[in-house]
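Notes to accompany the following structure.
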Amino acid sequence: MSKTRLILVGGFLGAGKTTLLSQAAVRLTRQGKRVGLVANDQAADLVDTEILRQTGTPVEEVAGGCFCCRFPDMIAAMERLIRESNVDIVLGEPVGSCTDLSATVIQPLKDRHPDKFEIAPFSVLVDGKQLRSLAKLQTSGDVAPPARFPDNVLYIYHKQLEEADLIVLNKSDLLSPSELCEIKALLAERFPNVPLLAMSALTGEGVDAWLDFVSQDQGAGRRIAAVDYDTYAAGEAALGWMNASAKLRSHDDLDWGTFATQLLEAIRAKLRDHSAEIAHLKLFLWNRGASTAGNITSNDSPVSVRGHIDRTQHAVSLLINARVHVQPNTLSGIVEESLRSVAASHQIELTITNMRSFFPARPQPTNRYERVV
Numbered sequence: 001m002s003k004t005r006l007i008l009v010g011g012f013l014g015a016g017k018t019t020l021l022s023q024a025a026v027r028l029t030r031q032g033k034r035v036g037l038v039a040n041d042q043a044a045d046l047v048d049t050e051i052l053r054q055t056g057t058p059v060e061e062v063a064g065g066c067f068c069c070r071f072p073d074m075i076a077a078m079e080r081l082i083r084e085s086n087v088d089i090v091l092g093e094p095v096g097s098c099t100d101l102s103a104t105v106i107q108p109l110k111d112r113h114p115d116k117f118e119i120a121p122f123s124v125l126v127d128g129k130q131l132r133s134l135a136k137l138q139t140s141g142d143v144a145p146p147a148r149f150p151d152n153v154l155y156i157y158h159k160q161l162e163e164a165d166l167i168v169l170n171k172s173d174l175l176s177p178s179e180l181c182e183i184k185a186l187l188a189e190r191f192p193n194v195p196l197l198a199m200s201a202l203t204g205e206g207v208d209a210w211l212d213f214v215s216q217d218q219g220a221g222r223r224i225a226a227v228d229y230d231t232y233a234a235g236e237a238a239l240g241w242m243n244a245s246a247k248l249r250s251h252d253d254l255d256w257g258t259f260a261t262q263l264l265e266a267i268r269a270k271l272r273d274h275s276a277e278i279a280h281l282k283l284f285l286w287n288r289g290a291s292t293a294g295n296i297t298s299n300d301s302p303v304s305v306r307g308h309i310d311r312t313q314h315a316v317s318l319l320i321n322a323r324v325h326v327q328p329n330t331l332s333g334i335v336e337e338s339l340r341s342v343a344a345s346h347q348i349e350l351t352i353t354n355m356r357s358f359f360p361a362r363p364q365p366t367n368r369y370e371r372v373v
């Protein structure tokens, strides 16, 4: 029986994991590979799942906790892809606020399913523009910018990098040559034994080099980070999470890209009024095979909207996911108020079908290995 190759891509919220996996799925399919995707979130109504489905690749979703805490569900999802779609390769994207995946996911897979899965080197993505404020990286004599989140959130960010088999410096197209050199040097100094690759998942530059790396048999989960689960749990619980779904109906032709931009800007403005720092805010609109996706990765980052829905399409579905340093009830209130306001300004009939906000529960992994298998 041939093994299915599993390519896991970790990294903090907003690092570009979904964009990379979308690119990878398309490129691998063009090479004749049969590819499946597994998305992961703390709750249902996940934007990433719908974005990944736009690639035409079969997608499974593991909701209700990270892969580490839903390990049997992860195995079941991959087995469905193998059974129903006969996939050669599974691309997996764990929750962006999770860490310790080497000990809780990769080592158990190597130990318990060696004949079924071939594990690729574990990639951890970082957003070059956000790296210094999140990781407090600085050169000697330099002053690091103020941290965007509490230390327990930054702890998760550090631990993600510590357990990487490969650090992927994403969004390199947004960095100047001097910034790129500086960040590479900082990462090499802090993580000297971890290979480093720069790329832009959005433009595609460097994606083929990354695929070449993770296609090689170099071993996966080569290190296990020492993780304090009290600090880890506090870091996850520092961010309010909100997932919402809605149906929209416009009476007139509408530029849905403009609507998406206005909605994201409205939510961000209200979050700023509450001094609430955004980790990731994203939405997805779709109808009849057409879609528009938008996101914001910090309070100061530009709104990114891509895709197109014809303005003559009057009925669309909407998903919104928000991960913000704020109380969950405040977050859901801001999102709902903004959504109703922007919809009303365009005379859109709005039906909110689901809205859930919460703090993630304490991580309780199904397995945790102390040593590399």
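So for the sequence shown, UniProt numbering puts the first residue at 1; every next one is plus one.
Ideal placement from N, C-alpha and C gives every residue a C-beta, glycine not left out.
Alpha carbon to alpha carbon, how far is residue 421 from residue 103?
The structure shown does not extend to residue 421, since the chain is modelled only from 1 to 373, so the question has no answer here.
Just mark residue 181 as buried or exposed, buried being the case when its beta carbon has 16 or more other beta carbons within 10 Å.
Numbered from its first residue, the sequence shown carries residue 181 at position 181. With fewer than 16 Cβ atoms within 10 Å of its Cβ, residue 181 is classed as exposed.
Do the stretch 295–309 and the stretch 273–282 meet, that is, are 3 or more Cβ pairs less than 8 Å apart?
yes
Quick check: is any heavy atom of the ligand MN less than 6 Å from the C-beta of residue 22?
By its list of ligands, the structure shown contains no ligand whatsoever, and the ligand MN lies outside what it can speak to.
For residue 275, does the three-state DSSP call read helix, strand or coil?
Residue 275 sits at position 275 when you count from the first residue of the sequence shown. Looking at residue 275 - three-state DSSP - the assignment turns out to be coil, as it is neither helix nor strand.
Say whether the stretch 9–19 touches the stretch 121–133, bearing in mind that this needs 3 or more beta-carbon pairs closer than 8 Å, one atom from each stretch.
yes
Going by DSSP, what residues sit across from residue 286 in a beta bridge?
The residue you call residue 286 lines up with position 286 of the sequence shown. 291, 317.
For residue 141, the three-state DSSP class (helix, strand or coil)
Numbered from 1 along the sequence shown, position 141 holds the residue referred to as residue 141. Legend: pLDDT at residue 141 = 44, less than 50; position of this residue unreliable, no value from coordinates given.
From this set, 251, 282, 254, which residue's C-alpha is nearest residue 266's C-alpha?
For the purposes of this step, residue 266 is identified with residue 266 of the sequence shown, where counting begins at 1. Per the Cα distances, 282.
What would DSSP say about residue 36, mapped onto helix, strand or coil?
For the purposes of this step, residue 36 is taken as residue 36 along the sequence shown, with counting starting at 1. Residue state, collapsed to three classes: strand.
Beta-carbon spacing of residue 82, residue 29 below 7 Å:
If you number the sequence shown from 1, residue 82 lands on position 82. If you number the sequence shown from 1, residue 29 lands on position 29. Their beta carbons are not under 7 Å apart, which means residue 82 does not touch residue 29 by this criterion.
Which of helix, strand or coil DSSP assigns to residue 112
On the sequence shown, residue 112 is found 112 positions in, with the first residue counted as 1. Residue 112: helix per DSSP, three-state reduction.
Nearest-angstrom Cα distance between residue 205 and residue 253?
The residue labelled residue 205 in the question sits at position 205 within the sequence shown. The residue labelled residue 253 in the question sits at position 253 within the sequence shown. The straight-line gap from Cα to Cα measures roughly 36 Å.
My guess is that residue 245 and residue 339 are in contact by the Cβ rule of under 8 Å, so how many angstroms apart are they, rounded?
The count along the sequence shown starts at 1 and reaches residue 245 at position 245. The count along the sequence shown starts at 1 and reaches residue 339 at position 339. The Cβ separation is near 11 Å, so there is no contact.
By the DSSP assignment, the alpha helix (DSSP H) with residue 168 in it spans what residues?
Within the sequence shown, numbered from 1, the residue matching residue 168 stands at position 168. Taken as a continuous stretch (DSSP letters only), residue 168 belongs to no alpha helix (DSSP H), being part of the beta strand (DSSP E) at 166–170.
Answer yes or no: do residue 41 and residue 63 have a C-beta to C-beta separation smaller than 7 Å?
Numbered from 1 along the sequence shown, position 41 holds the residue referred to as residue 41. Numbered from 1 along the sequence shown, position 63 holds the residue referred to as residue 63. Taking 7 Å as the Cβ cut-off, residue 41 and residue 63 qualify as a contacting pair.
Length of the line joining the Cα atoms of residue 34 and residue 27:
Locating residue 34 in the sequence shown gives position 34, where the first residue counts as 1. Locating residue 27 in the sequence shown gives position 27, where the first residue counts as 1. Rounded to whole angstroms, residue 34 to residue 27 spans 11 Å at the Cα level.
Based on DSSP bridge pairs, tell me the residues matched to residue 354.
Position 354 of the sequence shown, counting from 1, holds the residue named residue 354. 245.
Counterpart residues of residue 324 in DSSP-defined beta bridges:
Against the sequence shown, residue 324 aligns to sequence position 324. 240, 278.
When the distance is taken between beta carbons, is residue 312 closer than 7 Å to residue 260?
If you number the sequence shown from 1, residue 260 lands on position 260. If you number the sequence shown from 1, residue 312 lands on position 312. Taking 7 Å as the Cβ cut-off, residue 260 and residue 312 do not qualify as a contacting pair.
Residue closest to residue 286, alpha-carbon to alpha-carbon, out of 263, 269, 315, 305:
As a position in the sequence shown, residue 286 is number 286, starting the count at 1. The shortest Cα separation from residue 286 among 263, 269, 315, 305 belongs to 315.
Backbone secondary structure at residue 149 - three-state DSSP
On the sequence shown, residue 149 is found 149 positions in, with the first residue counted as 1. Reduced to three states, the DSSP call for residue 149 is coil.
Cutting at 7 Å between CB atoms, please list the residues of its own chain near residue 329, excluding the five before and the five after it.
Taking the first residue of the sequence shown as 1, we reach residue 329 at position 329. Excluding residues within five positions, the ones whose Cβ falls inside 7 Å are 357.
First and last residue of the beta strand (DSSP E) that includes residue 19?
Counting from one through the sequence shown, the residue named residue 19 turns up at place 19. From DSSP, residue 19 is part of no beta strand (DSSP E) but of the alpha helix (DSSP H) over 17–30.
Enclosing alpha helix (DSSP H) for residue 222 [first to last residue]:
Position 222 of the sequence shown, counting from 1, holds the residue named residue 222. Where residue 222 is concerned, there is no enclosing alpha helix (DSSP H), given that its DSSP letter is neither H nor E.
Start and end residues, beta strand (DSSP E) containing residue 8
Your numbering for residue 8 matches position 8 in the sequence shown. Start and end: 4–11.
Segment limits, alpha helix (DSSP H) that includes residue 178:
Taking the sequence shown and counting its residues from 1, the one referred to as residue 178 is at position 178. It spans 177–190 - the alpha helix (DSSP H) in which residue 178 sits, taken as one unbroken run.
Please report the Cβ distance between residue 247 and residue 317, rounded to the nearest whole angstrom; I am assuming they are in contact, meaning their Cβ atoms lie under 8 Å.
Reading the sequence shown from its first residue, position 247 is the one you call residue 247. Reading the sequence shown from its first residue, position 317 is the one you call residue 317. Sure, about 6 Å apart at Cβ, within 8 Å.
Does the stretch 166–186 touch the stretch 107–118, meaning 3 or more C-beta pairs lie closer than 8 Å?
no
Residues bridged to residue 251 [DSSP beta-bridge criterion]
For the purposes of this step, residue 251 is taken as residue 251 along the sequence shown, with counting starting at 1. Partner(s): none; residue 251 has no beta bridge.
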